[in-house]
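Worksheet: one structure, shown below.
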Amino acid sequence: MPSTVKGVISRSQGAPVELVDIVIPDPGPGEVVVDVKSCGVCHTDFHYREGGISDEYPFLLGHESAGVVSQVGEGVTHVEVGDFVILNWRAICGECRACRRGEPWYCFATHNAAQKMTLAEDGTELTAALGIGSFAEKTLVAEGQCTKVPESDPAVVGLLGCGVMAGIGAAVNTGGVTRGQSIAVIGVGGVGMGSVVGARLAGASRIIAIDRDDAKLEWAKERGATHTINSADLDEDGVVAAVQELTGGFGADVVVDAVGRPETWRQAFYSRDLAGTVVLVGVPTPEMELSVPLLDVFGRGGSLKSSWYGDCLPERDFPMLVDLYEQGRLPLDSFVSERIGIEDVEEAFAKMGRGEVLRSVVEIR
584 MPSTVKGVIS RSQGAPVELV DIVIPDPGPG EVVVDVKSCG VCHTDFHYRE
634 GGISDEYPFL LGHESAGVVS QVGEGVTHVE VGDFVILNWR AICGECRACR
684 RGEPWYCFAT HNAAQKMTLA EDGTELTAAL GIGSFAEKTL VAEGQCTKVP
734 ESDPAVVGLL GCGVMAGIGA AVNTGGVTRG QSIAVIGVGG VGMGSVVGAR
784 LAGASRIIAI DRDDAKLEWA KERGATHTIN SADLDEDGVV AAVQELTGGF
834 GADVVVDAVG RPETWRQAFY SRDLAGTVVL VGVPTPEMEL SVPLLDVFGR
884 GGSLKSSWYG DCLPERDFPM LVDLYEQGRL PLDSFVSERI GIEDVEEAFA
934 KMGRGEVLRS VVEIR
């Protein structure tokens, strides 16, 4: 029987979110219903609300989640009822050219559940944020979007479902930072803070956090940054000079742009050492354009990369990171600024916009 549950939707661009009744269909072939236990409030959900992702309203928001499998459809072998899972938004196909060449983290044919969740009031189909839609008591996903992990605090480990994983992966998987290297991270919100934590975990010797907010810079120091730069009163050249000053005049081995604007990308480009690596993990908006002298691209060498979901492989990375958290080696719990109810999402967006939190996390009991 289909289930009617509470869920948070965005009905139109810029309008406050609403808590309404939604219908979750029984899972079809390859689909899974998950009882949601937690969901982090991520900037991406806010971008959906504001129309920055698409105009396919109404959206069922939420995607950074952990929960328990409650139903499985025909042919599901990946998980079973009762499994504790973290949801991911890149269910790999296993068949595309990236998967076949042994690079499934680049999968070009990721997929979601075939069926749609709907509004109880009139049957309108909902667009699930990142194919998940988990500001809800239950959600319907493809089985590959469920990663089984050892049971832990859902509000903490669920953050691996998006922002924290994107940040850790940008530094470790995409940037390849390793022991003894230097890294600069531009923007230390949830994703950038993940890069700071990942760099510390990897043994980087110099971790430079860059932001316009002193509170966030202090949080970064508490989580592993060795140096901080407040960029509020600095132009692009000033940021570059500050990074160079902290790296013997050379620039950092790896620079992560966790903001995703042309000016921050240029800061990253010029703040790296010769043959260094730039990693873009902040998501630009469609109208943004970049201009850099081509001779500088050639002359500085190195790698210019974009990081998709931290180039993670959930089946590999999620269990490992949960294990590191349980060992006390990865401070995932420090990302949880507050635990809130499902009715508090709109206020959580406001707190996020004011820079008061790393993550507000909805708990569903």
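If you use this note's numbering, the sequence shown corresponds to residues 584 to 948, in order. Ideal Cβ placement from N, Cα and C applies to all residues, glycine included. A quick note: this is a predicted structure, and the numbers were derived from the prediction, not measured.
Would you grab the beta carbon distance between residue i and residue j for me? Rounded to a whole angstrom, and I think it's under 8 Å.
i: Ser778; j: Ile751; result: 7 Å
i: Ala851; j: Ile769; result: 6 Å
i: Lys731; j: Val664; result: Wrong, their Cβ atoms sit about 12 Å apart, outside the cutoff.
i: Leu702; j: Val603; result: 7 Å
i: Tyr892; j: Ala749; result: 6 Å
i: Arg789; j: Thr809; result: 5 Å
i: Tyr631; j: Ala696; result: Actually they are not in contact, since the Cβ atoms of Tyr631 and Ala696 sit about 17 Å apart, beyond 8 Å.
i: Met863; j: Ser890; result: Before going further, note that residue 863 is Leu rather than Met in the sequence given. With 8 Å as the limit, Leu863 and Ser890 qualify as a contact, their Cβ atoms being about 7 Å apart.
i: Val861; j: Lys888; result: 7 Å
i: Val875; j: Arg849; result: 7 Å
i: His661; j: Gly727; result: 6 Å
i: Ala754; j: Val837; result: 7 Å
i: Gly938; j: Lys799; result: 7 Å
i: Leu670; j: Cys729; result: 6 Å
i: Val993; j: Gly807; result: The chain is shown from 584 up to 948; residue 993 falls before or after that span and cannot be answered.
Helix, strand or coil: how does DSSP classify residue i here?
i: Phe667; result: strand
i: Leu915; result: helix
i: Leu817; result: coil
i: Val944; result: strand
i: Thr587; result: strand
i: Val861; result: strand
i: Glu930; result: helix
i: Arg937; result: coil
i: Arg762; result: coil
i: Arg922; result: strand
i: Lys636; result: The sequence shown places Ile at residue 636, not Lys. Coil.
i: Glu909; result: helix
i: Ser890; result: coil
i: Leu877; result: helix
i: Val652; result: strand
i: Leu644; result: coil
i: Ile551; result: The displayed coordinates of the chain run from 584 to 948. Any statement about residue 551 would go beyond what the structure contains.
i: Val768; result: strand
i: Arg684; result: coil
Among the options, which residue has its Cα nearest to the Cα of residue i?
i: Leu709; options: Ile605, Val838 and Thr847; result: Ile605
i: Tyr853; options: Ile925, Gly865, Ser586 and Ser886; result: Ser886
i: Thr707; options: Leu742, Ser593 and Met935; result: Ser593
i: Gly821; options: Asn756, Thr847 and Arg942; result: Thr847
i: Ala739; options: Lys888, Ala815, Gly938 and Gly623; result: Position check: residue 739 holds Val in this sequence, whereas Ala was assumed. The residue with the shortest Cα to Cα distance from Val739 is Gly623.
i: Gln827; options: Ile791, Val862 and Asp796; result: Ile791
i: Glu870; options: Arg855, Asp879, Ser889 and Gly843; result: Gly843
i: Ala674; options: Glu704, Gly714, Ser653 and Ile636; result: Gly714
i: Asp816; options: Lys799, His810 and Arg795; result: Arg795
i: Gly611; options: Ser621, Met584 and Ser595; result: Met584
i: Cys625; options: Val655, Val747 and Ala835; result: Val747
i: Gly658; options: Thr868, Glu614 and Ala785; result: Glu614
i: Ile607; options: Val600, Pro599, Val616 and Glu601; result: Val616
i: Gln654; options: Val838, Ser586, Val600 and Gly786; result: Ser586
i: Gly834; options: Phe881, Val875 and Ala767; result: Ala767
i: Pro599; options: Ser621, Asp609, Asp628 and Val619; result: Asp628
i: Ala825; options: Glu633, Glu898, Ile793 and Ala798; result: Ile793
i: Gly634; options: Met903, Met700 and Gly597; result: Gly597
i: Leu915; options: His694, Val944 and Gly832; result: Val944
i: Leu941; options: Leu742, Gly831, Phe881 and Thr693; result: Leu742
i: Gly716; options: Glu704, Lys699 and Asp705; result: Lys699
i: Gly744; options: Arg948, Leu904 and Ile947; result: Leu904
i: Thr868; options: Ser637, Arg883 and Ser621; result: Ser637
i: Glu946; options: Glu601, Phe881, Ser621 and Asp609; result: Ser621
Under a CB-based cut-off of 7 Å, is residue i close to chain C?
i: Thr757; result: Included in the structure is just one protein chain, with no chain C present.
Uninterrupted alpha helix (DSSP H) stretches inside the region 691-740 (no shorter than 4 residues)
The qualifying runs are 737-740.
Indicate whether the contact test is met: 3 or more Cβ pairs, each with one atom in the region 716-725 and one in the region 632-650, closer than 8 Å.
Between the region 716-725 and the region 632-650, the count of Cβ pairs shorter than 8 Å is three or higher; the stretches touch.
Decide if the region 914-924 is in contact with the region 685-702; the criterion is three or more beta carbon pairs, one per stretch, under 8 Å apart.
With fewer than three CB-CB distances shorter than 8 Å, the region 914-924 does not count as touching the region 685-702.
Any contact of the region 797-805 with the region 925-933, i.e. 3+ C-beta pairs under 8 Å?
They do not touch, by the three-pair rule.
Any beta strand (DSSP E) of 3 or more consecutive residues that is wholly inside the region 593-626:
The beta strand (DSSP E) runs of length 3 or more contained entirely in the region 593-626 are, from start to end of the chain, 601-607 and 614-623.
Whether or not the region 897-912 and the region 930-937 are in contact is what I'm after, with contact meaning three or more pairs of Cβ atoms, one per stretch, closer than 8 Å; do they touch?
No, they do not touch.
Pairing CB atoms from the region 586-601 with CB atoms from the region 637-644, are three or more of them under 8 Å?
The region 586-601 vs the region 637-644: in contact.
State whether the region 772-789 contacts the region 673-680, with contact taken as three or more CB pairs (one from each stretch) at a distance under 8 Å.
Not touching, per the Cβ criterion.
What runs of the beta strand (DSSP E), each 3 residues or longer, lie entirely inside the region 786-848?
Within the region 786-848, the beta strand (DSSP E) runs of at least 3 residues that lie entirely inside it are, in chain order, 789-794, 810-813 and 835-840.
Flag this pair as touching only if the region 759-768 and the region 734-749 have three or more C-beta atom pairs under 8 Å; answer yes or no.
A contact between stretches requires three or more CB pairs, one per stretch, nearer than 8 Å, and the region 759-768 fails this requirement with the region 734-749.
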